[in-house]
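Structure first, commentary second.
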Amino acid sequence: MKIKKISFHMNFLLFLVMMCLAQSHGGHTKCKLPSQEHLKHRLLRMAPNALLYLDNQNITPDVTLKTCPLNVNQSSDRIQDRSISPWSYRYNEDPDRYPQKIPEAYCLCKGCVSLHNKQTTSMVSEPFFKEVMVLVKTSKCKREKVVYKHRSIKIAQFCICRFH
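Under mature numbering (1 follows the signal peptide of the UniProt record, and there is no 0), the residues of the sequence shown are numbered -22 to -1, 1 to 142, in order.
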């Protein structure tokens, strides 16, 4: 009889533990992502200049990476084509960040293009970085919304020439 009572109590205790575990995993509402508008508004409050990289309709990142041109394109409307350190853009992507995609410059040449239609090896082409504010997703939840925190990251803005 004692064995049956102990077995019953053990089974009942096991049942309670299982119910508690089931409620802790499925009983809470999942943390939802805030809207894109909310994130944009929050970022602009902290960093008003963020609009410069949030609304870059005039920058079209490349589908395939470009290569170094043979000469400076002096007739182009785009400054990155007229530069002796030409550059183009690709996306810097991070799904746990807002904005998830930021256009970032990449240099097309190792050296710098001279006006004599050749690359000079006495100078190197390198990206110029600027720190920009972004929001980074955390594992925390507040009022059933995912919490984002401000963080500064470096993004290449354009390319410049410097002596080797």
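From the three backbone atoms N, C-alpha and C, an ideal C-beta is built for every residue, glycine too.
None of the values given here were measured: they were computed from a predicted structure.
CB contact flag (residue i, residue j, <9 Å)
i      : j     : result
THR98  : CYS85 : no
CYS137 : TRP65 : yes
TYR76  : LEU29 : no
Cβ neighbours of residue i in the same chain (closer than 7 Å, five flanking residues each side left out)
i      : result
THR45  : LEU86
MET101 : GLY89, CYS90, CYS139, ARG140, PHE141 and HIS142
Cα-Cα separation between residue i and residue j, rounded to whole angstroms
i      : j      : result
GLN78  : THR38  : 16 Å
LEU11  : GLU122 : 9 Å
GLN52  : SER92  : 12 Å
PRO105 : VAL124 : 34 Å
LYS132 : LYS118 : 25 Å
VAL41  : TYR67  : 9 Å
SER13  : LEU32  : 15 Å
LEU43  : SER63  : 16 Å
Beta-carbon proximity list for residue i, same chain, < 8 Å, skipping 5 on both sides
i     : result
SER54 : ARG60
TYR69 : PRO39, LYS79, ILE80, PRO81 and GLU82
Contact set for residue i: own chain, Cβ-Cβ below 6 Å, skip 5 residues either direction
i      : result
PHE107 : LYS132 and ALA134
Should the region 19 to 30 be regarded as contacting the region 111 to 121, the criterion being three or more beta carbon pairs within less than 8 Å? yes
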